[in-house]
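J.:
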Amino acid sequence: MKLKLHIRRGPIMLPMPSREDAAVPPIRENSHVTSADEQSALDGVRETLDLVEDDLKATSAAIGAAMSAVSEETREITDALRGIQGQTGSLGEMAAGLGNTGSDIAAAAERLSEASADIDSRVAEAKVFTERAAHAARDTRQSVSDLTASTVEIGEVVSLIANIARQTNLLALNATIEAARAGEAGRGFAVVASEVKNLSLETQRATEEIRRKIEQLNSVTKNSVDAVERIGSAIDTIEPVFAAVSQSVDLQRSVTGTLGTLAAQAGRAVDVVAQSAAEIDVSAANTTAIASRIEENGQQAARRANDLERRLTLFLRQTEAGDRRTHRRRPASLKAEVRASGGRYAGTTFDLSEGGVLITLGEHEVKPGARIEADIDGIGAVALQVRGVSTAGLHCSFEALSEQTRAALGATLSRLDENYAGFVERALRVSMEVGQAMERCIGEGRLRMEELFETTYTPIPNTDPLQHDHPALAELDRVLPPIQEAAVAEDRRMSFCAAVDRNGYLPVHNTIYSQPQRPDDPIWNAAHCRNRRIFDDRAGLAAARNMRPFLIQSYKRDMGGGRMVLMMEVDAPIRVGGRHWGAVRTAYAFDGAA
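Heads up: the sequence shown runs through residues 0 to 593, numbered per numbering that gives the first Met the number 0.
(1) Please report how far the alpha carbon of GLU602 lies from the alpha carbon of HIS469, in whole angstroms.
(2) What do you reckon, are the CB atoms on ARG584 and GLU489 nearer than 8 Å?
(3) Have a look at the DSSP bridge pairing and note the partners of MET448.
(4) What did DSSP end up calling LEU505 once you bin it into helix, strand or coil?
(5) Determine the extent of the alpha helix (DSSP H) in which GLU417 is found, giving its start and end residues.
(6) Using CA coordinates, which residue listed in ARG491, VAL507, PRO521, CYS528 is at the minimum distance from GLN514?
(7) Note down, one range per segment and in chain order, each alpha helix (DSSP H) of at least 4 residues found wholly within the region 533 to 573.
(8) Any contact of the region 423 to 437 with the region 541 to 549, i.e. 3+ C-beta pairs under 8 Å?
(9) Answer with buried or exposed for PRO239, where buried requires no fewer than 16 other C-beta atoms within 10 angstroms of its C-beta.
(10) Suppose you measure from the CA of ALA205 to the CA of ALA123; what does that come to, to the nearest Å?
(11) Keeping to the same chain, check which residues put their C-beta closer than 6 Å to that of ALA605; ignore five residues upstream and five downstream.
(12) Would you report the Cα separation of GLU438 and ASP476, rounded to the nearest angstrom?
(13) Helix, strand or coil: which one does DSSP assign to ASP374?
(14) Just verifying my parser: in three-state terms, what is the DSSP assignment at SER340?
(15) Report yes or no: do three or more beta-carbon pairs, one from the region 383 to 401 and one from the region 345 to 363, lie closer than 8 Å?
(16) Leaving out five residues on either side along the sequence, give the residues of the same chain with a beta carbon under 7 Å from the beta carbon of ASP500.
(17) Contact defined as beta carbons within less than 8 Å: I believe GLY434 pairs with VAL569. What is the distance between those atoms, to the nearest angstrom?
(18) Mind checking ILE375: buried by the 16 CB within 10 Å criterion, or exposed?
(19) Return the first residue and the last residue of the alpha helix (DSSP H) that HIS363 is part of.
(20) Please report how far the alpha carbon of VAL81 lies from the alpha carbon of VAL69, in whole angstroms.
(21) Leaving out five residues before and five after ASN509 in sequence, what residues of the same chain have Cβ atoms less than 7 Å from its Cβ?
(22) For the candidate residues GLY256, LYS555, ALA171, whose alpha-carbon lies nearest to that of GLU113?
(23) Helix, strand or coil for HIS31, going by three-state DSSP, please let me know.
(24) Is ASP500 helix, strand or coil when you go by DSSP?
(25) Would LEU360 and TYR344 be called neighbours here (beta carbons separated by less than 8 Å)?
(26) Return the CA-CA distance between ALA586 and ALA526, expressed in angstroms with no decimal places.
(27) Would you say PRO464 and ASN524 are within 8 Å of each other, going by their C-beta atoms?
(28) Looking at C-alpha atoms only, which residue of ASP350, GLU364, LEU451 is the closest neighbour of ARG338?
(29) How far does the alpha helix (DSSP H) with ALA399 in it reach, from first residue to last?
(30) Indicate the three-state DSSP secondary structure (helix, strand or coil) for SER193 in the structure shown.
(31) Give the DSSP bridge partners of ARG584, in chain order.
(32) State the DSSP-derived secondary structure class of ILE289, mapped to helix, strand or coil.
(33) Which residue comes first and which comes last in the alpha helix (DSSP H) that contains ARG477?
(34) Does DSSP put GLN166 in a helix, a strand or coil?
(35) Do you know offhand how far PRO518's Cα is from LYS555's?
(36) Hey, out of THR77, GLN516, GLY560, whose CA is closest to THR462's CA?
Okay, structure coming up:
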């Protein structure tokens with residue numbers, strides 16, 4: 000079977016393995032030995048793929064720059080909106096404070112109005128009392144005037160009585176004189192005259208006393224008149240004051256009424272301001288949320304662009320023409336002591352090839368471009384140049400190797416190839432069994448080809464990590480477990496055996512990794528509920544999109560909760576009806592595989 004690629008320079012036919020050719024191919028030291036024509040064709044394809052990759056990187060960079068600009072602008076919008084939210088929040092608080100103040104003013108105005116009404120009532124009562132006092136003062140003045148007049152009249156009567164008493168006294172004196180002249184005959188008359196004289200004297204004394212009392216009464220009356228006059232004057236003075244107080248109270252009532260009205264209007268205005276501030280705050284919050292979503296969408300678009308670049312680059316690297324590696328890498332776990340930057344570091348090889356090695360180290364200060372040395376178990380001392388540094392470790396190329404070291408390296412690689420031969424055979428066989436089982440499902444009408452190759456995955460609600468449903472899931476749940484579980488049972492070193500489609504979707508996992516998810520326990524779920532998930536990391540996509548007879552790779556498997564497990568994996572593509580569906584992934588504990 001041949002794969003026909005339509006490239007700029009015309010169709011190029013590349014050999015592809017068919018099911019009949021599924022026997023384990025020899026793992027050669029150099030898998031890129033081709034004829035001159037094939038090499039020329041591959042060179043042309045590689046040039047074209049280089050152009051595609053360059054365009055892809057440029058497009059991804061442009062998208063990333065645009066998304067960064069959008070993200071920066073939306074971030075500025077978000078910051079501005081948050082500032083507006085803060086200001087409207089302060090405005091709302093001020094409005095609330097003003098509302099409380101307005102309410103306090105209204106309450107105070109109401110209390111003042113009540114006090115004014117009470118004062119007005121008391122002033123009215125005092126005015127009534129004052130009017131009554133004025134009437135009483137006038138009546139008292141009149142009574143005193145009448146008393147004064149009566150006193151005058153009494154004085155006149157007393158004066159008259161006094162005159163009569165004086166005349167009676169004179170008359171008694173004359174009568175006494177005449178009685179004395181009469182002698183014994185006038186003795187009785189003399190006694191009468193004496194008594195009359197005594198009576199007149201008593202009368203005079205009484206009249207004098209009465210006159211004195213009248214004078215005292217006149218003095219008291221005069222003082223009473225003066226007091227009444229003063230009371231009247233005071234009352235006359237108070238009456239205008241009460242009138243002014245009454246007018247002031249009326250004005251105060253009017254002012255407090257106006258104040259209450261203004262306070263009520265201010266309260267309503269404050270309510271409007273507070274409502275407007277709340278609406279602005281809600282609008283700002285909504286706009287902030289929209290800006291955040293825009294920023295998130297922009298970041299997601301940038302991530303998608305980067306992911307697209309990663310996926311396509313990975314796909315190109317998996318093709319025979321796009322693979323730039325001169326040497327095939329083998330997973331290898333060998334102890335290595337690295338000497339670099341004046342220090343010694345204990346490490347472990349992660350993969351190994353004829354041209355270089357990937358060494359995993361702990362804390363180190365080695366930078367790209369550095370030249371270092373390492374003692375590797377089974378190979379010996381080698382000089383290395385660090386081509387790159389990643390989370391996996393130091394990516395190194397071999398410097399000039401001695402014949403002895405090259406021979407030791409070749410022997411180690413041959414031993415690794417021999418160790419992997421059984422793994423490769425198993426992966427190829429299982430991939431064929433899975434492909435045949437899928438073809439039977441389609442041939443028997445239990446599954447349609449378009450359902451099997453569907454790339455729409457429906458998220459399953461309330462799953463963490465997220466799981467997906469798929470149109471072919473029910474049938475795959477039926478046919479895949481017997482094949483996959485039998486493969487796992489063949490080798491105790493195998494960690495799992497699972498089929499994935501071209502996008503890394505793993506519909507059916509081994510029983511041990513297909514437990515029902517626990518609510519609110521994503522760490523446990525990540526380790527025990529790995530079915531129905533999409534594994535589109537580098538290792539997952541490398542396996543899913545590999546179109547060579549097999550792929551051997553090593554990687555760190557994420558088991559959740561920050562726990563990483565070193566794995567060695569042998570993958571083989573699955574073809575259904577001549578179409579590449581995905582791959583079988585057979586994984587082993589790294590130490591056991593090496």
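Cβ atoms here follow ideal geometry from the backbone N, Cα and C, with glycine treated the same way.
T.: According to the structure shown:
(1) The requested residue 602 is not part of the displayed model; the chain covers only 0 to 593.
(2) No; because the gap between Cβ atoms is not below 8 Å, this pair is not in contact.
(3) Answer is none; MET448 lacks a bridge partner.
(4) Strand.
(5) It spans 402 to 442 - the alpha helix (DSSP H) in which GLU417 sits, taken as one unbroken run.
(6) Of the candidates ARG491, VAL507, PRO521, CYS528, the one whose C-alpha sits nearest the C-alpha of GLN514 is CYS528.
(7) Counting whole runs of 4 or more residues, the region 533 to 573 contains the alpha helix (DSSP H) stretches 537 to 543.
(8) Flag = yes, the region 423 to 437 and the region 541 to 549 touch.
(9) So PRO239 ends up on the exposed side.
(10) Their Cα atoms are separated by approximately 53 Å.
(11) The structure shown does not extend to residue 605, since the chain spans only 0 to 593, so no value can be given for it.
(12) Going from the Cα of GLU438 to the Cα of ASP476 covers about 15 Å.
(13) In the structure shown, the three-state DSSP call for ASP374 is strand.
(14) DSSP places SER340 outside both helix and strand once states are collapsed to three, so it counts as coil.
(15) Yes, the region 383 to 401 touches the region 345 to 363.
(16) Here the set comprises ALA543, TRP580, GLY581.
(17) Not confirmed; about 17 Å, so no contact.
(18) Result: buried.
(19) Run containing HIS363: none; DSSP gives neither H nor E here.
(20) The sequence as given places Arg at residue 81; Val does not occur at that position. Spanning the two alpha carbons is a distance of roughly 18 Å.
(21) Listed in chain order, the non-local C-beta contacts of ASN509 below 7 Å within the same chain comprise GLN483, GLU484, VAL487, PHE495, CYS496, ALA497, local neighbours out to five positions each way being set aside.
(22) By alpha-carbon distance to GLU113, the top candidate from GLY256, LYS555, ALA171 is GLY256.
(23) The pLDDT assigned to HIS31 is 44, lower than 50, so where the model puts this residue is not dependable, and the model offers no usable value.
(24) If DSSP states are grouped into helix, strand and coil, ASP500 belongs with the strands.
(25) Contact: yes.
(26) Roughly 15 Å separates the two Cα atoms.
(27) Remark: C-beta atoms of PRO464 and ASN524 approach each other more closely than 8 Å.
(28) Comparing C-alpha distances from ARG338 to each of ASP350, GLU364, LEU451 shows the shortest one belongs to GLU364.
(29) Note, ALA399: premise wrong, no alpha helix (DSSP H); not H, not E.
(30) Per DSSP, reduced to three states, the secondary structure at SER193 is helical.
(31) BP columns for ARG584 point to ALA497, ASP570.
(32) Note: ILE289 maps to helix in three-state DSSP.
(33) Element bounds for ARG477: 472 to 489.
(34) The answer is helix: DSSP assigns GLN166 an H, G or I state.
(35) Straight-line Cα distance between these residues: approximately 26 Å.
(36) With distances taken between Cα atoms, THR462 lies closest to GLN516.
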